[in-house]
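Engineer:
There are 2 protein chains.
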Amino acid sequence: MKFIPQFSDVTAAGDAISSHVHRTPVLTSHQLDAISGAQLFFKCENFQKVGAFKFRGATNAILNLTDDQRRSGVVTHSSGNHAAALTHAAVSRGVKAYIVMPSTAPEVKKRAVAGYGAEITFCEPTLAAREAAAAEVIARTGATMVHPFDNFYIIAGQGTAALEMLHDGPEPDAVIAPVGGGGLLSGTSITVRHLLPHAKIYGAEPALADDAARSLHSGVIQPALPPATIADGLLTSLCERTFTIISKNVDDILTVSEEEIIEAMRLVWERMKIIIEPSSAVPVAAVLANRGLFTGMKVAVIISGGNVDLAKLPFRQHA
Amino acid sequence: MKFIPQFSDVTAAGDAISSHVHRTPVLTSHQLDAISGAQLFFKCENFQKVGAFKFRGATNAILNLTDDQRRSGVVTHSSGNHAAALTHAAVSRGVKAYIVMPSTAPEVKKRAVAGYGAEITFCEPTLAAREAAAAEVIARTGATMVHPFDNFYIIAGQGTAALEMLHDGPEPDAVIAPVGGGGLLSGTSITVRHLLPHAKIYGAEPALADDAARSLHSGVIQPALPPATIADGLLTSLCERTFTIISKNVDDILTVSEEEIIEAMRLVWERMKIIIEPSSAVPVAAVLANRGLFTGMKVAVIISGGNVDLAKLPFRQHA
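Sequence order for the protein chains is A and D.
Just so we're aligned: 233 in this note's numbering is position 233 of the first sequence, and the numbers increase by one with no gaps anywhere.
Just so we're aligned: 33 in this note's numbering is position 33 of the second sequence, and the numbers increase by one with no gaps anywhere.
1) Here's a check: name, in chain order, each residue in its chain whose Cβ is nearer than 6 Å to the Cβ of T118(D), leaving out the five neighbours to either side.
2) Suppose the cutoff is 6 Å on Cβ atoms and the five residues either side in sequence are ignored; what does the same chain contact list for S78(A) look like?
3) Whole angstroms is fine: what's the gap from G142(D)'s alpha carbon to R93(D)'s?
4) Per DSSP, what kind of secondary structure is A134(A) in: helix, strand or coil?
5) So that I know if they touch, is there some Cβ in chain A lying closer than 7 Å to that of R241(D)?
6) Assuming M101(D) is part of the alpha helix (DSSP H), what are its boundary residues?
7) Of all the options I261(D), V287(D), L225(D), which has the alpha carbon lying nearest to the alpha carbon of D252(D)?
8) Assuming Q158(D) is part of the alpha helix (DSSP H), what are its boundary residues?
9) Quick check for students: name the residue ranges of the beta strand (DSSP E) that lie wholly in the region 225-307 of chain A, counting only runs of 3 or more.
10) Tell me the DSSP secondary structure of A105(D) in three-state form.
11) Can you tell me whether DSSP reads V21(D) as helix, strand or coil?
12) I need the straight-line Cα distance from S237(D) to I302(A), nearest angstrom please.
13) Can you tell me whether DSSP reads G181(A) as helix, strand or coil?
14) What is the residue span of the alpha helix (DSSP H) that Q6(D) lies within?
15) Take the Cβ of E45(A) as the centre, count every other Cβ of all protein chains shown within 10 Å, and call the residue buried at 16 or more, exposed below.
16) Locate the alpha helix (DSSP H) running through H88(D), then write down its first and last residues.
17) Over what stretch of residues does the alpha helix (DSSP H) that includes L216(D) continue unbroken?
18) Thinking C-alpha only, which one of N290(A), R316(A), I246(A) is nearest E263(A)?
19) Only counting the same chain, and skipping five residues up and downstream in sequence, which positions put a Cβ closer than 8 Å to that of G305(D)?
20) Out of E260(A), S186(A), G182(A), which has the shortest C-alpha to C-alpha gap to Q222(A)?
21) Anything in chain D within Cβ reach of G73(A), meaning under 9 Å, just list it in chain order.
22) Using a cut-off of 7 Å between C-beta atoms, extract the partners of G80(D) located in chain A.
23) Can a CB atom of chain A be found closer than 7 Å to the CB of K273(D)?
24) Name the chain A residues whose beta carbon is nearer than 8 Å to that of L313(D)?
25) Which residue or residues does DSSP assign as beta-bridge partners of K43(A)?
26) Between the C-alpha atoms of A207(A) and T255(A), what's the straight-line distance to the nearest angstrom?
27) In terms of alpha-carbon separation, which member of V282(D), G169(D), K273(D) lies closest to G180(D)?
28) With the cut-off set at 7 Å, would you say T144(D) and A133(D) are in Cβ contact?
29) Could you name the residues that DSSP lists as bridge partners for P206(A)?
30) Considering only their Cβ atoms, is the gap separating R56(D) from T160(D) smaller than 7 Å?
31) Give the range of the beta strand (DSSP E) segment to which T59(D) is assigned.
32) Checking contacts by CB at 7 Å: is G57(D) closer than that to chain A?
33) In three-state terms, what does DSSP make of I221(D)?
34) To the nearest angstrom, report how far apart S247(D) and N290(D) are at their CA atoms.
35) Is there at least one Cβ from chain D nearer than 7 Å to G233(A)'s Cβ?
36) Give the range of the beta strand (DSSP E) segment to which H77(D) is assigned.
Structure representation (structure tokens):
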């Protein structure tokens, strides 16, 4: 039973998925550099298939199913991007995808999951309700649970974004990624800690969902808070697996306010003309809010996704 | 007095401005291809400096000023993108920029022009008011008028976007660009008609501002209509110069409804994760609304810009 992926598992994932995923660009912005005082490099997983890095881990998980597992399909519960990613990775290879989604998920994510061919079960937006609904699907179908982040192959797959970034971009002094359940940050940290032992590695999290920061600082996994942040991809708490990896590799987890998230999102939309989701604005906001940490440094930012509900945007008229 | 730019004037502009402008990417989208039934190639001038192709022509105009003209500065009236582009091109080379803007211009464009260092004069949103205000500036300062499109160097500069596109992308069967005053479509058509004599060349225009289509069909320049379209960059009418070029080179001008513009803009934002302004959604909408014309063809679409007021977006909840 393999619990913690090593760097070799990330490179194996990279080899396995490379023909199935987009090699997303690393973008720069003179304007964001001027505003931040740092040199920023954005690894743009908003341009990944299904609009998020989650397609990397999901594809790696599907490619590592046994033949028996493939025949019974896969199931997961997710706030959206993992569900879309797992469905697209599964269905495009003839594997059935059963998705348990909270009824409160953004419309754009519900439409995406349905469009990719999932069989959807809606439930209340609590972890207990999701797990119960997923257990029922497994009992009925024999499907294999592919957890959004507490999964060896998922974490190894998420680490391939940083692998491409370090290959295609310059050598960064610091790398920062958003943290929800910790799959992306775990995979990123495995890659970066191996290739650049002295680089700083940061997670970024909404202050209204700062369970990962408190977990890291206290040494004990803290439960998720009630959903109150616009960064709807970052609501879940760490698991033992991601907590272990993050505790070992990550220098700190920085938290930002809702206002800082919205302002960072607006800056990227207005100046870079690319659509990033609120969860992706969190590490951008963390860089802007912590100038002292990053001034003059090359900072690589993982832009996790670009799925937003265009009918429900947070932008208001400037004063 | 040089009236109509030739292809050699476009290549001269390309040589002159290449170190000053971004070589913007040519993007593709499997999803937009599936929806349109064509193979689409997007020349993404939303990623150009100041967020619009206008920086090409403006830079070319500034680089072709005489020393005397440089000392007295430049003036223009514009709905926004040309003003920002001319200001940035001028001020970054030590040339003063006087801008006459309608008071109704989007906030994001007013802020951009001010931020680039223009001296702004606001006026009523009519052509007569703009011209009167510009004449007053010229009388006071001796500045040189750089018209948004009725200008030899502007048109030659705008033609460089197509020049890059034909170099970097595949050979298209058809090229389509939005048309307001006709500077972009004129420059594009000079480039494409020379390099690909048999390619189809289309303009795209809002039905609520269809003066260019009616001009082309009637053979006589039609005046602009009252501003009623969301595509605020396409409100002006053709001039003799752009009408002459477009009549000679362009196969047809296609018109689209406001609903088609908004839906095309939503599609590009949601599927491609890039921000395009309503005027840029007009040619996308025209391709989607005219499947019979484009099915199976390689269609190059000039995405003219990405400057939108994020506090005033047209997206509503899907039914």
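Don't be surprised by glycine CBs; every beta carbon is placed ideally from N, CA and C.
Structural biologist: Reading off the structure:
1) As a first step, residue 118(D) is located in the second sequence; it is residue number 118 there, counting from the start. Before going on, a small fix: residue 118(D) reads as Ala here, not Thr. Hits under 6 Å: T87, A97, I99.
2) Along the first sequence, read from residue 1 onward, the residue named residue 78(A) stands at position 78. Setting aside the 5 residues that flank it on each side, S78(A) is surrounded in the same chain by P148, each with a C-beta closer than 6 Å to its C-beta; the list follows chain order.
3) Counting from one through the second sequence, the residue named residue 142(D) turns up at place 142. Counting from one through the second sequence, the residue named residue 93(D) turns up at place 93. Just so you know, the alpha carbons of G142(D) and R93(D) end up roughly 18 Å apart.
4) For the purposes of this step, residue 134(A) is taken as the residue at position 134 of the first sequence. In the structure shown, A134(A) sits in a helix (DSSP, three-state: H, G or I).
5) For the purposes of this step, residue 241(D) is taken as residue 241 along the second sequence, with counting starting at 1. Not a single C-beta of chain A is nearer than 7 Å to the C-beta of R241(D).
6) Locating residue 101(D) in the second sequence gives position 101, counting from the first residue. That residue, M101(D), is in no alpha helix (DSSP H); its beta strand (DSSP E) goes 97-102.
7) Within the second sequence, numbered from 1, the residue matching residue 252(D) stands at position 252. For the residues I261(D), V287(D), L225(D), the minimum Cα distance to D252(D) belongs to V287(D).
8) Taking the second sequence and counting its residues from 1, the one referred to as residue 158(D) is at position 158. Q158(D) -> alpha helix (DSSP H) spans 152-168.
9) Here the runs fully enclosed are 252-256, 298-303.
10) Along the second sequence, read from residue 1 onward, the residue named residue 105(D) stands at position 105. DSSP, read as helix, strand or coil, puts A105(D) in coil.
11) For the purposes of this step, residue 21(D) is taken as residue 21 along the second sequence, with counting starting at 1. Coil, per DSSP.
12) Residue 237(D) sits at position 237 when you count from the first residue of the second sequence. Residue 302(A) sits at position 302 when you count from the first residue of the first sequence. Put simply, the backbone Cα of S237(D) is about 45 Å away from that of I302(A).
13) Numbered from 1 along the first sequence, position 181 holds the residue referred to as residue 181(A). Three-state result, G181(A): coil.
14) Numbered from its first residue, the second sequence carries residue 6(D) at position 6. For Q6(D), there is no enclosing alpha helix (DSSP H), since its DSSP letter is neither H nor E.
15) On the first sequence, position 45 is the one that residue 45(A) refers to. So E45(A) ends up on the buried side.
16) The residue labelled residue 88(D) in the question sits at position 88 within the second sequence. That run of the alpha helix (DSSP H) goes 81-91.
17) If you number the second sequence from 1, residue 216(D) lands on position 216. Judged by DSSP secondary structure, L216(D) falls within the alpha helix (DSSP H) whose first and last residues are 211-218.
18) Numbered from 1 along the first sequence, position 263 holds the residue referred to as residue 263(A). Measuring from the Cα of E263(A), the nearest candidate turns out to be R316(A).
19) Position 305 of the second sequence, counted from the start, is the residue given in the question as residue 305(D). Cβ neighbours of G305(D) beyond the five flanking positions: E45, N46, Q48, G51, A52, F53, K54, N81, G233, I276, E277, S279, S280.
20) In the first sequence, counting from the first residue as 1, residue 222(A) sits at position 222. If we check each option's Cα against that of Q222(A), G182(A) comes out closest.
21) Stepping through the first sequence from its first residue, residue 73(A) is reached at position 73. Chain-order list of chain D residues neighbouring G73(A): empty, with the shortest C-beta distance near 25 Å, by a criterion of under 9 Å.
22) Against the second sequence, residue 80(D) aligns to sequence position 80. The premise fails here: G80(D) is roughly 14 Å from chain A at the closest Cβ pair, so nothing lies under 7 Å.
23) As a position in the second sequence, residue 273(D) is number 273, starting the count at 1. It does; some Cβ of chain A falls within 7 Å.
24) Position 313 of the second sequence holds residue 313(D). Neighbours of L313(D) across chain A, judged by C-beta separation under 8 Å: L310, L313, F315.
25) Walking along the first sequence from the start, residue 43(A) turns up at place 43. Here K43(A) is bridged, per DSSP, to V26(A), I302(A).
26) The sequence position of residue 207(A) within the first sequence is 207, counting from 1. The sequence position of residue 255(A) within the first sequence is 255, counting from 1. A207(A) and T255(A) have their C-alpha atoms spaced approximately 5 Å apart.
27) Counting from one through the second sequence, the residue named residue 180(D) turns up at place 180. Taking the Cα of G180(D) as reference, the smallest distance to any Cα among V282(D), G169(D), K273(D) is reached at V282(D).
28) Residue mapping note: residue 144(D) aligns to position 144 of the second sequence, counting from 1. Residue mapping note: residue 133(D) aligns to position 133 of the second sequence, counting from 1. Annotated as distal: T144(D) and A133(D), with beta-carbon spacing of 7 Å or more.
29) Position 206 of the first sequence, counting from 1, holds the residue named residue 206(A). According to DSSP, P206(A) bridges with V256(A).
30) For the purposes of this step, residue 160(D) is identified with residue 160 of the second sequence, where counting begins at 1. For the purposes of this step, residue 56(D) is identified with residue 56 of the second sequence, where counting begins at 1. Yes. Within cutoff.
31) Here the question's residue 59(D) lines up with position 59 in the second sequence. Where T59(D) is concerned, there is no enclosing beta strand (DSSP E), although the alpha helix (DSSP H) it sits in stretches over 54-63.
32) Here the question's residue 57(D) lines up with position 57 in the second sequence. It does not: the Cβ of G57(D) has no partner Cβ on chain A nearer than 7 Å.
33) Here the question's residue 221(D) lines up with position 221 in the second sequence. DSSP places I221(D) outside both helix and strand once states are collapsed to three, so it counts as coil.
34) Here residue 247(D) corresponds to residue number 247 of the second sequence, with the count starting at 1. Here residue 290(D) corresponds to residue number 290 of the second sequence, with the count starting at 1. Across the structure, S247(D) and N290(D) are spaced so that their CA atoms are roughly 21 Å apart.
35) Locating residue 233(A) in the first sequence gives position 233, where the first residue counts as 1. Not one chain D Cβ lies under 7 Å of G233(A).
36) Translated into positions along the second sequence, residue 77(D) becomes position 77. For H77(D), the uninterrupted beta strand (DSSP E) run begins and ends at 74-77, by DSSP.
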